[in-house]
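Q:
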Amino acid sequence: MCGIVGYIGNQNVIGVILEGLKRLEYRGYDSSGISFYCENDKKIEVIKKSGKIKDLVNEIDKRKLCKSHIGIAHTRWATHGEPTDINAHPHTDCTGNIALVHNGIIENYRTLKSFLLDKGHRFKSETDTEVLVHLIEHFYKNDLLEAVKKSLKMVEGTYGILLLSSYEPDTIIAARKGSPLIIGKADGQMIAASDASAIVSLTNQILYMQDNDIARIKKESIEIYNIELEKTSDSDFEQIDLTISQIEKGGYSHFMEKEIFEQPEALTNTFIGRIDFENGTFRLNGIKEKFKDLLNADRIIITACGTSWHSALIGKYLIEKYTNIPVEVDYASEFRYKNPIITEKTVVILVSQSGETADTLAALRESKNKGATTIGICNVVGSTIARETDCGIYTHVGPEIGVASTKAFTAQVLVFFMLSVALGRKKYLTFEDGIKFIKEIQSVPEKIKRILGSQNVFKSLDSIVETNYIKNNFLYLGRGINFPVALEGALKLKEISYIHAEGYPAAEMKHGPIALIDENMPVLFISLKDSIYDKIINNIKEIKARKGYVITIASEDDTEISKIVDKVIYIPKIIEDLSPLLSVIPLQLLAYKTAVKKGLDVDMPRNLAKSVTVE
Ligand code: F6R
Numbered sequence: 097m098c099g100i101v102g103y104i105g106n107q108n109v110i111g112v113i114l115e116g117l118k119r120l121e122y123r124g125y126d127s128s129g130i131s132f133y134c135e136n137d138k139k140i141e142v143i144k145k146s147g148k149i150k151d152l153v154n155e156i157d158k159r160k161l162c163k164s165h166i167g168i169a170h171t172r173w174a175t176h177g178e179p180t181d182i183n184a185h186p187h188t189d190c191t192g193n194i195a196l197v198h199n200g201i202i203e204n205y206r207t208l209k210s211f212l213l214d215k216g217h218r219f220k221s222e223t224d225t226e227v228l229v230h231l232i233e234h235f236y237k238n239d240l241l242e243a244v245k246k247s248l249k250m251v252e253g254t255y256g257i258l259l260l261s262s263y264e265p266d267t268i269i270a271a272r273k274g275s276p277l278i279i280g281k282a283d284g285q286m287i288a289a290s291d292a293s294a295i296v297s298l299t300n301q302i303l304y305m306q307d308n309d310i311a312r313i314k315k316e317s318i319e320i321y322n323i324e325l326e327k328t329s330d331s332d333f334e335q336i337d338l339t340i341s342q343i344e345k346g347g348y349s350h351f352m353e354k355e356i357f358e359q360p361e362a363l364t365n366t367f368i369g370r371i372d373f374e375n376g377t378f379r380l381n382g383i384k385e386k387f388k389d390l391l392n393a394d395r396i397i398i399t400a401c402g403t404s405w406h407s408a409l410i411g412k413y414l415i416e417k418y419t420n421i422p423v424e425v426d427y428a429s430e431f432r433y434k435n436p437i438i439t440e441k442t443v444v445i446l447v448s449q450s451g452e453t454a455d456t457l458a459a460l461r462e463s464k465n466k467g468a469t470t471i472g473i474c475n476v477v478g479s480t481i482a483r484e485t486d487c488g489i490y491t492h493v494g495p496e497i498g499v500a501s502t503k504a505f506t507a508q509v510l511v512f513f514m515l516s517v518a519l520g521r522k523k524y525l526t527f528e529d530g531i532k533f534i535k536e537i538q539s540v541p542e543k544i545k546r547i548l549g550s551q552n553v554f555k556s557l558d559s560i561v562e563t564n565y566i567k568n569n570f571l572y573l574g575r576g577i578n579f580p581v582a583l584e585g586a587l588k589l590k591e592i593s594y595i596h597a598e599g600y601p602a603a604e605m606k607h608g609p610i611a612l613i614d615e616n617m618p619v620l621f622i623s624l625k626d627s628i629y630d631k632i633i634n635n636i637k638e639i640k641a642r643k644g645y646v647i648t649i650a651s652e653d654d655t656e657i658s659k660i661v662d663k664v665i666y667i668p669k670i671i672e673d674l675s676p677l678l679s680v681i682p683l684q685l686l687a688y689k690t691a692v693k694k695g696l697d698v699d700m701p702r703n704l705a706k707s708v709t710v711e
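Throughout the sequence shown, residue numbering follows this note's numbering, covering 97 to 711 in sequence.
1) Determine which residues share a DSSP beta bridge with R119 and list them.
2) Got a sec? Which residues, its chain only, sit under 8 Å from K640 by beta carbon, not counting five neighbours each side?
3) What's the C-alpha gap between D558 and A289?
4) Can you check which of these residues, S463, G498, S293, A458, is closest to P436 by C-alpha distance?
5) Which parts of the region 105 to 184 are runs of the alpha helix (DSSP H), unbroken and 4 residues or longer, counting only runs that do not cross its ends?
6) Under the assumption that A691 contacts S593 (Cβ atoms under 8 Å), give the Cβ distance between them as a whole number of angstroms.
7) Starting from K281 and walking both ways along the beta strand (DSSP E), at which residues does that stretch end?
8) Could you check the C-alpha separation between K434 and V509 for me, to the nearest Å?
9) If you follow the beta strand (DSSP E) that P676 is in, where does it begin and where does it stop?
10) Quick check on the DSSP output: the beta strand (DSSP E) that includes R272 runs from which residue to which?
11) Can you name, in chain order, every residue of its own chain whose Cβ lies under 7 Å from the Cβ of F554, other than the five neighbours on each side?
12) Cutting at 7 Å between CB atoms, please list the residues of its own chain near S675, excluding the five before and the five after it.
13) So does L208 have its beta carbon nearer than 7 Å to some heavy atom of ligand 1?
14) What does DSSP give as the partner residues of Q285 in its beta bridges?
15) Between N365, D455, I471, L460, which has its C-alpha nearest F387's C-alpha?
16) Alpha carbon to alpha carbon, what distance is there between L589 and N703?
17) Of the choices V517, Y688, I657, K637, whose alpha-carbon is the least far from that of G585?
18) At the level of alpha carbons, what is the spacing between D266 and G111?
19) Identify whether I320 lies in helix, strand or coil by the three-state DSSP scheme.
20) By DSSP, does Q342 sit in helix, in strand, or in coil?
21) Among T191, E226, V197, Q538, whose alpha-carbon lies nearest the alpha-carbon of L208?
22) Could you please go through the chain and list the residues whose beta-carbon is closer than 6 Å to any non-hydrogen atom of ligand 1?
23) Run through DSSP, which three-state label would E528 get?
24) Taking just the CA atoms, how far does D189 sit from M250?
25) Is there a Cβ of chain B sitting closer than 8 Å to that of L240, yes or no?
26) Please report the straight-line C-alpha distance between S127 and L391, rounded to a whole angstrom.
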C-alpha cells in the first residue's frame, strides 16, 4: 500500500530512487512522484504524475534536471483523493522548502487541516498527507527534527514518512508508526524504503525502524530517536538474505507466472530443514518456546486477510483433525471490532505473507493486549508481524511480488500441515503416521512439477479459457478441505481477470445459488477421489441437470468423471489433507491465463496493491 524510497549519497539520486520505485511499484501504482534537492539552485524540485511509473519516467525525460544527490520518491495507492497529478506525492509546504512522502493514513487530517487553514496555510491537494507537511512548516523554528516530532505527536493514524528540506539539504528525516520502513547502508550512501526490494541492489545491510522511531539520516551516519527525541541505542544494521535475482522476473512474462512455477522449489524450502525423521515429526524451531502453550491451548484463533484467510480455513481443518483443539478462524479486519474471547490459554495465530497487513497487525496487538500467546506465520523475514508476535514460523518462499498471492498460499498450507502433525504427534498420531506424512510432503514438489509440466493440463486450460474468458460470472465449488481452495480459486479469478466469481461449499448450492445455473454459468468443481467423492459427484449431477457448464479438477485415476462433465483437469493423487497444494495449482493457472487472454495487467490489477498497510 504505497511505496516510499529515499536516497542520499554519491550517486545521481534520480536513477537510484527511480530504480527503487520500480521495485516498489507492486505496492501501489496509480500515481508516483519524486523530489530532490538541486545543488546549484539550492532548492527542492518536485515531479509527479498520475498513472504508472513509466508515465513518471516519461515526464522526467522531458525535463532538464539539475545535479542532485539527495531525494525521496513515492508510488501511490490512493486512499484520500483521486489518483491525479496533484494528489500524487511528494507533497510540499507553502514555501516549497519541505517535501514529504507518506505511506499510511492520517485519521485526524480534517481537524488538522482546519487548524492549519485558520493559520493561513494553502492546500493544493485533497490528500490527508498534505496536512503533515504543513504542520511541520507550522512548527519549524530552525530545527527540522523538533518540528517533525511536534507534528507527529498531533497525528492520529499510521505513517511511514520520508522528508527532504532545503533547510537541511544533507539530511533525510524518516519516521514510522504502523507502516513499514527500513534503512540500508552502503559505503557513503544511505537508502530508506518501505521494503528491502528497493534496497538490495545497493546493499544487504538493513536496519528495521520500530514504531515511533524518528531517524535523522545523513550520507555517512544515522541517528535514531524516539518520539520524545531521546536517542535510542537501537541502531543496529543486520545482514539480510535477499538477492536481485529473487526480485526479478527471470524470463517469465509476469511475476505471478514466475511465482506459480517456482512453487516446487519454494515449497521445498518451506519444509526441507524441518523434517525430523528420527522422531517422525516436524521440527518447528521458531515456535519451540510456545509449543507447550499450543498443546495446552483451550482454543486457537487463526486470523488473517484474503488469501491468507483461506489458508487459515485449511489450518483449522487440519489442527482440529490432528489435535482435537477447537480452532476458530476470524477475518483480521473484523477481529478488533467485536469481543474476541481470549483467555490466557488462548493462542492466536496470525497469518500474513507480507507481515505488514494493517488489519492483521491490529488483530495481533489486540490479542496481545488481552493476554493471548501469539504466533506468526509470515513470509517476509523481519516484517512487523513477524517481529511483534511471541514467536513464529516463516514460510521461506522468497519475495512474492505478483499482487495475486500464489506461492505464499501453498506455503502457508504446508506450514499448517507441519504444525498440525507436530502437535498431533504429541497427542495421538503414531510414529508411523508421522513418517507417512513426511513422505507425503516430500512428494509434493514433484507432483506440482508434473502439473506444471503437463501438456494435457495446459491444453485443457487453454480450451477452458477460450470458451469462458468472455463470461461475466463463475462459480467455484468444493467440499471439506477443498472448500477453501474453491474460495481461493474464485478470489484469483476476480482479482486479476475481473470476472465475478464466487466460491461456495458444493452442497450449499441447493440452498440458493443453484438458481443462478444456466448454460452461461461456468461451474468449477474440485472433485478429487477422497472421502466425499460420491457426494460431490451428486452435486455435479445437480448442476448438469440444470444445463450448467461444468469444469472439474479430478484425480488422475478417475476414469469415469469425464463422462459427466464438460472439461476435466487431472492432477496427481496425494493424501486428502495435502490435496489443496495440488488442486489450487490449476486454479492459479486458470486465473492467470484468463487475465493474459483478456490483455489485463496481471501483476498490477486495478484498484489493488500487494501489501495492505491501511485499515
Ligand atoms: C490475494 C491477496 C490478498 C492477500 C491479503 C493479505 O491474492 O494477495 O488477498 O492475501 O491482502 O495479505 P498478507 O498475507 O500479506 O497479510
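Cβ coordinates follow ideal geometry from the N, Cα and C atoms, glycine included.
A: In short, the structure shows the following:
1) Its beta-bridge partners do not exist; DSSP assigns none.
2) Non-local C-beta neighbours of K640 in its own chain, meaning closer than 8 Å and more than five positions away in sequence, comprise V646, I660, V661, ordered along the chain.
3) Roughly 40 Å separates the two Cα atoms.
4) That would be S463, whose Cα lies nearest to the Cα of P436.
5) Runs found: 109 to 120, 149 to 158.
6) That pair is a contact at about 4 Å.
7) 278 to 282 is the extent of the beta strand (DSSP E) around K281.
8) So the two alpha carbons sit approximately 27 Å from each other.
9) Not the beta strand (DSSP E): P676 falls in the alpha helix (DSSP H), residues 676 to 693.
10) Judged by DSSP secondary structure, R272 falls within the beta strand (DSSP E) whose first and last residues are 268 to 273.
11) Excluding residues within five positions, none has a Cβ falling inside 7 Å.
12) Around S675: I577, N578, L624, D626.
13) Because no heavy atom of ligand 1 lies under 7 Å away, the Cβ of L208 does not count as near it: no.
14) Per DSSP, A282.
15) The residue with the shortest Cα to Cα distance from F387 is I471.
16) About 15 Å.
17) Nearest C-alpha to G585 among V517, Y688, I657, K637: Y688.
18) For D266 and G111, the distance between alpha carbons rounds to 18 Å.
19) Shown here, I320 sits in a strand according to DSSP, grouped into three states.
20) Secondary structure at Q342: helix, using DSSP grouped into helix, strand and coil.
21) Residue nearest to L208 within the set T191, E226, V197, Q538 is E226 (criterion: CA-CA distance).
22) With 6 Å as the limit between CB and the heavy atoms of ligand 1, the residues that fall short of it are C401, G402, T403, S404, S448, Q449, S450, T453, T456, A500, S501, L587, E591, S707, V708.
23) Taken through DSSP and simplified to helix, strand or coil, E528 comes out as helix.
24) Computed Cα separation, rounded: 17 Å.
25) Any reference to chain B falls outside this structure, which holds one protein chain only.
26) Distance between the alpha carbons of S127 and L391 is about 48 Å.
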